[in-house]
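Participant:
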Amino acid sequence: MQTISVVTPEYAARHALRANSACRALWEILDSVFDPELPHVSIWDLGILVDVQDSCPQGVKVVVTPTYSGCPAIDVISEDIVAALNDAGITEVEVQVSLSPAWNTDLISPAGKMAMRNQGIAPPSTEVHCPLCGSENTAVISQFGSTACKALYRCHSCQEPFDYFKEF
Amino acid sequence: MTNTYNDALYQYVLGLADDALILGQRTSEWCSRGPFLEEDISLSNLALDYIGRARMFYQYAAQVEGLGRNEDDLAYFRDERAFSNLLINELPNYDFAFSIVRQYFIDVHACLYLEQLKRSSDVHLAQVAEKAIKESRYHLKRSETWVLQLGQGTSESHERMQNAIDELWGYTGEMFLMSEVETQLLTSGVCVDRSALQVSWSAQVSRHLSVSTLAVPEQQWNVAGGRKGEHSEHLGHILAELQIVQRSYPGLQW
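The listed protein sequences correspond, in order, to chains A and B.
Quick note, the first sequence lines up with residues 78 to 245 if you use this note's numbering.
Quick note, the second sequence lines up with residues 37 to 290 if you use this note's numbering.
Structural data, given as structure tokens:
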């Protein structure tokens, strides 16, 4: 089973942006915000958290990008961002939903892919391995799974069905 | 009379929004009626992608219009004649073959169209296209596979597919007709020259239908008028279902 994650250039760029940010503490607060349909994968790890700007006195601006254009989770995510920052004592929060850069699976962090696998979801990859037994002997059942970002697969080795986070 | 640039842009974006909303609503009718559970989920997700696309276009159209209307006003409070979607999007689902063939024709078109719209001089439209094309490529993979499977499947599935193709063929021409505002916006590089896509579309579709043992119809009839608000009787019914809640309880929120 492939467990060594390769850092994509897209993720490296995000990581650098965060590491060089003037408000790293704010990014850390947002590590507690998770995608409602992917528990255990934070919005940072999923790559939908684009930027955090602390522009006092106007408050904090958070930029997010939706995974799919019809993603119903984005409204909930925006509310969760505001709530997390409010809990930390930051009252002025603006969440901006940006379409650019268009989200893609290369933005997902290695930790995010690991978290998906631990939750029984095969992370995006050129070869779909069963997240339960690691077998490569898998086949697609449906090109869409429980959400638009996933497809439904079956493992021919352990016979279990599983969600695959589509490469996009 | 020529429209101002802003009017033209508004009407153009509204057309794209109406296309997406009506197809999304139509496809959502499959929810709980799909041929099997996994396909039911696919159809619902496909519908959701189109509703999401409609929202992006309506939000932008409302912003361009600048009269304080929002996406919901545009979706729920315009009448049939004000809707400018292409007719192919509003036709009923009839059977699974019909929905698949329609989706396939639209997916091939969408991939060609959005590829061009990505280069639009309008930054917002270019961004929407950048996002939507990835979804359409995925939709195409699915509809292409279905066309092949059902075309080469049983005599029953083959016949239903061929009937759907024959029925839908006359509606495909409208996908390549330039509206007045599109012609106007073309010079500034905002919109796409639809008419230039027809050759690639026909070649790609003919090739795939042939592999799927399905025939390209020889018929030459064509229907158009959606962009001008001239619709089939089906649009009124779909709008009634789509708009009833907001019309009965204006401003109602979830």
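The beta carbon of each residue, even a glycine, is placed where N, CA and C say it ideally should be.
Please name the residue in B:Met214, B:Leu245, B:Val247, B:Pro253 whose C-alpha comes closest to that of Gln234 of chain B.
Facilitator: Along the second sequence, one-based indexing puts residue 234 of chain B at 198. It is B:Met214 whose Cα lies nearest to the Cα of Gln234 of chain B.
Participant: Using DSSP with H/G/I as helix, E/B as strand and the rest coil, what is Lys190 of chain A?
Facilitator: Counting from 1 along the first sequence, the entry for residue 190 of chain A is found at position 113. Reduced to three states, the DSSP call for Lys190 of chain A is helix.
Participant: Using only alpha-carbon positions, find the residue among B:Leu278, B:Leu275, B:Leu57, B:Gly206 that is nearest to Pro87 of chain B.
Facilitator: Within the second sequence, residue 87 of chain B is the residue found at index 51, counting from 1. This sequence places Ile at residue 87 of chain B; Pro is not what is there. Here the closest residue by C-alpha is B:Leu57.
Participant: Counting only Cβ pairs nearer than 9 Å, list the residues of chain A close to Arg117 of chain B.
Facilitator: As a position in the second sequence, residue 117 of chain B is number 81, starting the count at 1. Those within 9 Å of Arg117 of chain B in chain A number zero; the least Cβ separation is about 27 Å.
Participant: Roughly how far, in whole angstroms, is the beta-carbon of Leu50 of chain B from the beta-carbon of Ser120 of chain B, given that I think they are within contact range, below 8 Å?
Facilitator: Counted from its first residue, the second sequence places residue 50 of chain B at position 14. Counted from its first residue, the second sequence places residue 120 of chain B at position 84. Sure, about 6 Å apart at Cβ, within 8 Å.
Participant: Since Leu229 of chain A meets chain B, which of its residues come closer than 7 Å, beta carbon to beta carbon?
Facilitator: Position 152 of the first sequence, counted from the first residue, corresponds to residue 229 of chain A. Ordered by position in chain B, the residues that pass the 7 Å Cβ test against Leu229 of chain A are Glu74.
Participant: Which one of B:Pro253, B:Gly272, B:Trp290 has the shortest CA to CA distance from Arg114 of chain B?
Facilitator: Here residue 114 of chain B is taken as the residue at index 78 of the second sequence, counted from 1. With distances taken between Cα atoms, Arg114 of chain B lies closest to B:Gly272.
Participant: Report yes or no: is there a C-beta of chain B within less than 8 Å of the C-beta of Cys207 of chain A?
Facilitator: Locating residue 207 of chain A in the first sequence gives position 130, where the first residue counts as 1. So no, Cys207 of chain A is outside the interface.
Participant: Pull up the distance between the alpha-carbon of Glu213 of chain A and that of Glu237 of chain A, whole angstroms please.
Facilitator: For the purposes of this step, residue 213 of chain A is taken as the residue at position 136 of the first sequence. For the purposes of this step, residue 237 of chain A is taken as the residue at position 160 of the first sequence. C-alpha separation (whole angstroms): 13 Å.
Participant: Quick check: the Cα distance between Lys177 of chain B and Phe245 of chain A, rounded to an integer number of angstroms?
Facilitator: As a first step, residue 177 of chain B is located in the second sequence; it is residue number 141 there, counting from the start. As a first step, residue 245 of chain A is located in the first sequence; it is residue number 168 there, counting from the start. Distance between the alpha carbons of Lys177 of chain B and Phe245 of chain A is about 13 Å.
Participant: Tell me the start and end of each unbroken alpha helix (DSSP H) in the stretch 69-117 of chain B that is at least 4 residues and wholly inside, in chain order.
Facilitator: Fully enclosed alpha helix (DSSP H) runs of 4 or longer: 73-101, 107-112.
Participant: Check Phe245 of chain A in the structure and name its three-state DSSP category.
Facilitator: Taking the first residue of the first sequence as 1, we reach residue 245 of chain A at position 168. Residue state, collapsed to three classes: coil.
Participant: What three-state label does DSSP hand Ser62 of chain B in the structure shown?
Facilitator: Counting from one through the second sequence, the residue named residue 62 of chain B turns up at place 26. For the record, residue 62 of chain B in the displayed sequence is Arg; it is not Ser. Correct three-state label for Arg62 of chain B: helix.
Participant: Should the stretch 184-198 of chain B be regarded as contacting the stretch 88-101 of chain B, the criterion being three or more beta carbon pairs within less than 8 Å?
Facilitator: The stretch 184-198 of chain B vs the stretch 88-101 of chain B: no contact.
Participant: Does Asp122 of chain A pass the burial test, meaning 16 or more other C-beta atoms within 10 Å, or should it be called exposed?
Facilitator: As a working note, residue 122 of chain A is residue 45 in the first sequence. It counts as buried.
Participant: At what residues does the alpha helix (DSSP H) containing Tyr174 of chain B begin and finish?
Facilitator: Here residue 174 of chain B refers to the residue found at position 138 of the second sequence. Where Tyr174 of chain B is concerned, the enclosing alpha helix (DSSP H) stretches over 159-187.
Participant: Just checking: is the beta-carbon of Gln163 of chain B within a distance shorter than 8 Å of some beta-carbon in chain A?
Facilitator: Position 127 of the second sequence, counted from the start, is the residue given in the question as residue 163 of chain B. Gln163 of chain B counts as touching chain A.
Participant: Taking all protein chains shown into account, decide if Ser224 of chain B is buried (16 or more other Cβ within 10 angstroms of its Cβ) or exposed.
Facilitator: One-based indexing of the second sequence puts residue 224 of chain B at position 188. Exposed, because fewer than 16 other Cβ atoms sit within 10 Å of the Cβ of Ser224 of chain B.
Participant: Quick one: Cα of Ala179 of chain A to Cα of Lys167 of chain B, how far?
Facilitator: As a first step, residue 179 of chain A must be located in the first sequence, where it is residue number 102. As a first step, residue 167 of chain B must be located in the second sequence, where it is residue number 131. Rounded to the nearest angstrom, the two C-alpha atoms are 6 Å apart.
Participant: Please check if any C-beta of chain B sits within less than 8 Å of the C-beta of Ala225 of chain A.
Facilitator: As a position in the first sequence, residue 225 of chain A is number 148, starting the count at 1. Yes - at least one Cβ of chain B is within 8 Å of the one on Ala225 of chain A.
Participant: Is there a C-beta anywhere in chain B that falls below 8 Å from the one on Ser132 of chain A?
Facilitator: Taking the first residue of the first sequence as 1, we reach residue 132 of chain A at position 55. Not one chain B Cβ lies under 8 Å of Ser132 of chain A.
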